Amino acid sequence: MKRRIISVCCAVVMIMGLTITAGFQTNATESQPINNHSYLTHETESTGIATSITRGADLQTGYSKIVRLGPGVIYAGGTTIAQHEVESVKVGVMVERAKDENDTWHYVDTWQKENENAISVSSNKRIEVEGDWYYRVRCVHSAGNDMSSSYTNGIYIEEP
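Pasting the structure below:
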């Protein structure tokens with residue numbers, strides 16, 4: 406009986422801790438501007454995770470990534486991971502930019518990569534861009550018959 410009470414108390418403390426932590430994370434982002442589901446930040450990097458299909462028969466997950474390398478320079482890319490070896494694994498990468506939360510995202514660059522009879526594919530580029538804009542990366546991930554997408558938050562890039 407004593408062990409059961411201790412177990413219940415530990416579980417309650419864990420749940421309360423997770424609830425409080427989740428609340429702090431939500432409050433931290435409420436003051437940031439947002440544009441089409443992407444927060445506009447001054448961070449040095451952002452990673453997006455494919456959420457449309459948590460786990461399909463073929464697609465395990467996908468990631469999109471953007472990193473500020475310096476004024477006017479970014480690293481952008483994406484990765485797709487399959488559950489098992491499939492006939493085709495693809496990633497399509499799109500770089501977009503916006504001035505602020507009231508602007509629409511504008512096309513900057515796009516490319517794609519495919520690996521056949523594989524379990525993963527990655528593609529990335531170093532790109533010189535115009536400063537004084539927020540940039541984000543959107544990716545389309547496919548493995549076998551499954552497809553999903555991911556996107557990063559927007560990160561501010563300074564003038565070179």
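The sequence shown begins at 406 in my numbering and counts up one residue at a time.
Every residue, glycine too, gets a C-beta built ideally from N, C-alpha and C.
Predicted model only: the values in this text are computed from it and were never measured.
Three-state secondary structure assigned by DSSP to residue i
i, result
"K470", "strand"
"H405", "Nothing can be reported for residue 405: it is not among the residues displayed for the chain, which extend from 406 to 565."
"T449", "coil"
"S555", "strand"
"A416", "Reliability of the predicted coordinates at A416 is poor, the pLDDT of 49 falling under 50, and the value obtained from them is presented with this limitation in mind. The answer is helix: DSSP assigns A416 an H, G or I state."
"Q569", "It is not possible to answer for residue 569, since the shown part of the chain is limited to 406 through 565."
CB of residue i within 8 Å of CB of residue j, strictly
i, j, result
"S525", "T557", "no"
Minimum C-alpha distance to residue i - residue among the options
i, options, result
"E490", "A548, Y561 and D508", "A548"
"R461", "D551, D508, E506 and S528", "Note that residue 461 is Gly in the sequence shown, not Arg. When only C-alpha atoms are compared, the closest one is D551."
"S469", "Y539, E563, N529 and E535", "N529"
"E535", "N520, S553, V498 and G475", "G475"
Cα-Cα separation between residue i and residue j, rounded to whole angstroms
i, j, result
"H511", "Y561", "15 Å"
"K495", "N507", "32 Å"
"T446", "R543", "16 Å"
"S554", "V498", "10 Å"
"A523", "S436", "42 Å"
"R541", "V500", "6 Å"
"E564", "V478", "9 Å"
"A487", "Y539", "31 Å"
Exposure of residue i, with buried meaning 16 or more beta-carbon neighbours within 10 Å
i, result
"I454", "exposed"
"H546", "buried"
"I537", "Per the sequence shown, the amino acid found at residue 537 is Asp instead of Ile. Per the 10 Å Cβ criterion, exposed."
"D463", "buried"
"T515", "exposed"
"T449", "exposed"
"T456", "exposed"
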